[in-house]
Structure formats: structure tokens, C-alpha cells
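Heads up: the sequence shown at position 72 corresponds to 72 in full-length UniProt numbering, and the numbers run straight through without jumps. Idealized CB from N, CA, C, for every residue including glycine. Step one of this worksheet: look at the structure below.
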Amino acid sequence: MPQNTSGGAVTLGNNPSVVNPSPAPTGGNATVPGQAAAVNGVNPIPSTPDLIQAGISRFGDPTLESLVRQGLDNSPNLRTAVSRIEEGRIRLQVAQSYLLPSVRSSALVTTQSLSEHRPIAIPTAADRLPRFQLNTFQLLPIDASYEIDLFRRIRSSIAVASLQIQASETDYRTLRLILASDIARFYYLIRGNDAEQAVFQRNIRSRDTTIAIIRERFRAGLINQIDVQRAETDYANLQVQLRGLQRVRTELVNGLAQLCAQDPAAFQLASGTLPATLPTLSYNNVPAELLRRRPDLQQFEKQTEIAQAQIQVLQATTLPRVTVVGSGGLLSGQIGPWITPSSATYLVGVNASVPLYEGHRNRQNVALSRQQVQTNQQAYQQALQVAQREAETALDNLSMLRQQIEQQSEALTLARRTEQYNRELYVRGLTTYLEVLDAQRTVLISEQQLVQLRSQEAQYVVALLKSLGGDF
């Protein structure tokens, strides 16, 4: 594949773009995951560099950067992803709580009257027994239990919860990358549409001059009515095509407003132009380390790690669980000695639970987790191949598009020269208007194709940034 050698500076047109969005929804900006304080002594997951903002800044377009910030700050999907991360952090705290003792307390006051006809172990001659009143007063009973994590079942569960948070964060970064790429793609589709409209408007102005000349020649009797009708028909067709481009632009702006979480009725984007140059990747092919920065690939890696950690949790379920239990308090049958030291009571013991037979359920669960590890590894390899194909496709298309743009520019220069030559011949009466009209249509088609190629170039630059995780 040929190496890209063009520069990465971006030159903007003379007409600055102005964004006039509707007011952002209240509620504040979404918090970037990975920057929270330590929870229960566990360090937060370190944040990664914001490759998306760095990649967008390479275009040197403040309007695009502003639109991307609006989308990232106000997107409901991103806020949902942030909420999932917070859910994961809460689950992590729940998992960590099992490393601590469990202590409960309550107060118990009961009275019980035994029946006169109650059964007794040794029968007596009397049919009835004296009624017996039993009172129980239990003050501040404390029940405590603590599981000794001998086989790291609890710590493995904490590791799974921590990895799930990291997986949620990679999902958040994936959504950010997709949203920023879509905003950039829509933005340059609109800029390509603006450039096409400029082409048609320029040709319409040129047709105005041509129609004025034709009508003057018709009044002088130098040409017939057919040339006038041809010029007017061509002029009307250009107006229709321009109106179609304006309709398409409205649809694109509405789509961009939705991506930026703005009200389409209040969202406006001033006309602009395509950048003269675009960022380029100075590699012949895509390095593997760039692909591994993609958050979707990192998410597959985290899923594999979660499955591996889950194996340790399931293996620990087949081993004994040792729990230290104890209880204590004040127990008495009368109120008088209730709070005296002689009413104190306690119980301390160790409980060991060993699974003997559960239909091989635990063993099959371990086998299932191991199979899930293999599945995730295969899915990661497939996703890596797709990512490499996307990056190479975008890079190859950019290389060929830039060559095609150079050739199209040369073709446009020749078409303009031919159109000017035919116009001069027509003014002198040396050719027909049909030749002039054909040359003008050739210029229009060449200009339109050049604009479309430049718009495609911008689209593939955005696609390349997305395939590399947000930046070169």
C-alpha cells in the first residue's frame, strides 16, 4: 500500500461556521468514569487518555469540537452508561462487605402460659396439671458471624465485581467513540452538502449571464427561440437540484441535532465548507498497538478476564466454607435479676459447610465458565480481525481517494478551459449554444464529483479515527 505523505494541517474556508444550539438539558455533565476516589481501600480504575477529543482536535475545526462536546455532555445513552458504572461500584462495595463480620441485635420480652392439660413425659393420676406461667426477658442479644475466606471465594467475587466495573467503563468509552464519530460523520456530510450547493449556486450565476447573452442575441435575430428555451430549461433544472440539496441538508441537520441531544426546531448550523486538507496517518499500515486501544476490543478482553475470575469463584464453591458464629446477651425469667451479671449468657462456635453431592452442579458450572473463556477469546480474535479490516479499508480508500481527487482536479481544469473556449466561440457566432451547454454541464458534473470525493475523504478520515480508537 502506498505511503501517505500529505500534511495534517487543516485550512478553513472564509465563511466561519456558527452553531446556535438550543439550551443544554439541566442536570450537569456526565462524570467520566475512572476518576472517583478509592472505595473501601480499593484504588479506582485509572482513567485512559481522551483519544476522542484528541482525534477531533486534529481537524482544527472549533465548530466540530463544540458539537462533539455537546453530544458527549448531553447524550442520554452516555448517562445511562455512567449509571451502569455507578451500579457496578455499588455492587463492588456489596461484595467487599462480605469480608467484614455480620453483627445483629434485638430485644426479646415474652410470656407464655402452659396449658393444664399439657402432655408430660411421666403420666400422673391427676387429669389436670397446675397452670404454669413462663416469662422470658432477653436484653441486648448480639448474634455475630464471620466467614473465614480460606479459599478466596469472597476475594474472587470482589475481583469479578471490579472487572465488571472496568467492562462497563470500556462500554462507556465505546459509546463515546461511536457518538463522536457519528457527529463528525454527519458534520462533514453537511459540509459536503454545503460545498455542493455552492457549486450549483455558482453555476446558476453563470447561467444568468449566459441567458442574458442569449436573449440579447435572440432579440437581435441572430439565433432562434430553441436556444433560449434550452438555456431556460437548464436553468430551471439547476434550481430544482439545488432545492433537493437544501432538503437533504435539513434532514442531515436534524440528525445532527439528535446526536447532540438538542431540539431540532431550535438547532441551527451555519453554512460552511470542506477543509482544504485533512489529518493523515504516517504509516504504511496500521500498527497492532493502535488497534488494541479500541474500547470495544478492550471490552472483549475484560469479558475474558471476568470469565477467568468467575472460574475461581465457582471452584471455591466446591471447597468448605468455615464460619465463626457467636451470640451473647442477658437472659432471665424475672425482671429483678435481668440486668445482673449472673444473667449473662453467650455461645461461640465454628460452622463448617462442605458440599458432598449436588448432582455435579458445581463441576459443570466450572466447565461452563472455562468454555466461556474460550468463547470470549475467539470473539476477541474475530473482533480484532474486523477492526484491522476497517482500519486498512479506511487507510487504503484515503490513499486512493487522494489520487483520485488530484486527477479529478485536473479534469475540472480542462473542463473549465473547454467551457470558456466554447463560450467565446458562441459569442462570436462560430458555434452553437448546444456546444456551450454541453461544456457547462461537463463543468458542473466535474465540480460536483470533486466535491463528493472530498466529502468522502473526510468521511474516511473519520472512519479511520474511529477504527483506531479515536486518534492516530
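Closest in alpha carbon position to Ala81, among Leu177, Ile148, Ala184, is Leu177. Annotation note: the stretch 336–363 contains no uninterrupted alpha helix (DSSP H) run of length 4 or greater.
In this structure, the straight-line span from the alpha carbon of Leu290 to that of Leu464 is close to 11 Å. As the crow flies, the alpha-carbon of Leu179 is around 20 Å from that of Arg249. For Val103, the uninterrupted beta strand (DSSP E) run begins and ends at 102–105, by DSSP. In this structure the stretch 196–207 does not lie against the stretch 323–331, because fewer than three pairs of beta carbons, one per stretch, are closer than 8 Å.
By the Cβ criterion, the stretch 68–88 is not in contact with the stretch 188–203, since fewer than three pairs of Cβ atoms, one from each stretch, lie closer than 8 Å.
A residue is called buried once 16 or more other Cβ atoms fall within 10 Å of its Cβ, and Ala352, having fewer, is exposed. Scanning Ala261, Asn193, Ala394, Ala144 for the CA closest to the CA of Val350 turns up Ala144. With contacts defined by Cβ atoms closer than 8 Å, Ser156 and Ala307 do not form a contacting pair.
Secondary structure at Val373: helix, using DSSP grouped into helix, strand and coil. In the three-state DSSP reduction, Val427 falls in the helix class (H, G or I). Taking each of Gln298, Gln388, Gln246 in turn and checking the Cα distance to Ile165, the smallest one comes out for Gln298. Take the alpha-carbon of Ser455 and the one of Ala379: they are about 34 Å apart. Among the bridge pairs identified by DSSP, Tyr146 is matched with Val324. Annotation for Ser102: Ala144, Ser145, Tyr146 place their beta carbon closer than 8 Å to its own, counting only its chain and skipping 5 residues before and after. Judged by DSSP in its simplified three-state form, Gln262 adopts coil rather than helix or strand.
For Ile158, the enclosing alpha helix (DSSP H) covers residues 153–219. Its Cα nearest to that of Gln258, the residue Asp182 stands out among Ser399, Asp182, Glu65. DSSP places Asn254 in the helix class (H, G or I) of the three-state scheme. A Cβ-Cβ contact shorter than 8 Å links Arg402 with Glu457.
Counting along the chain, Thr432 sits inside no alpha helix (DSSP H), nor does DSSP assign it H or E at all.
Across the set Ile445, Arg79, Arg321, the C-alpha of Ile445 shows the shortest separation from the C-alpha of Ser409. Note on geometry: alpha-carbon atoms of Gln372 and Thr304 lie some 8 Å from one another. Secondary structure of Leu245 (DSSP, three-state): helix. Distance from the CA of Leu222 to the CA of Ile213, rounded to the nearest whole angstrom, comes to 11 Å.
Residues Thr431, Glu435, Val436, Ala439 of the same chain have their beta carbon placed closer than 7 Å to that of Asn422, with the five preceding and five following residues left out of the count. Rounded to whole angstroms, the gap between the alpha carbons of Gln53 and Glu65 is 8 Å. With the rule of 3 Cβ pairs closer than 8 Å, the stretch 378–395 does not count as touching the stretch 360–367. A straight line joining the alpha-carbon of Gln93 with that of Leu281 spans about 44 Å. In terms of Cβ geometry, Phe186 and Gly88 do not form a close pair [threshold 8 Å].
Between Val354 and Ile148 the beta-carbon gap is near 14 Å, outside 8 Å, which marks them as no contact.
Put simply, the backbone Cα of Val461 is about 26 Å away from that of Gln262.
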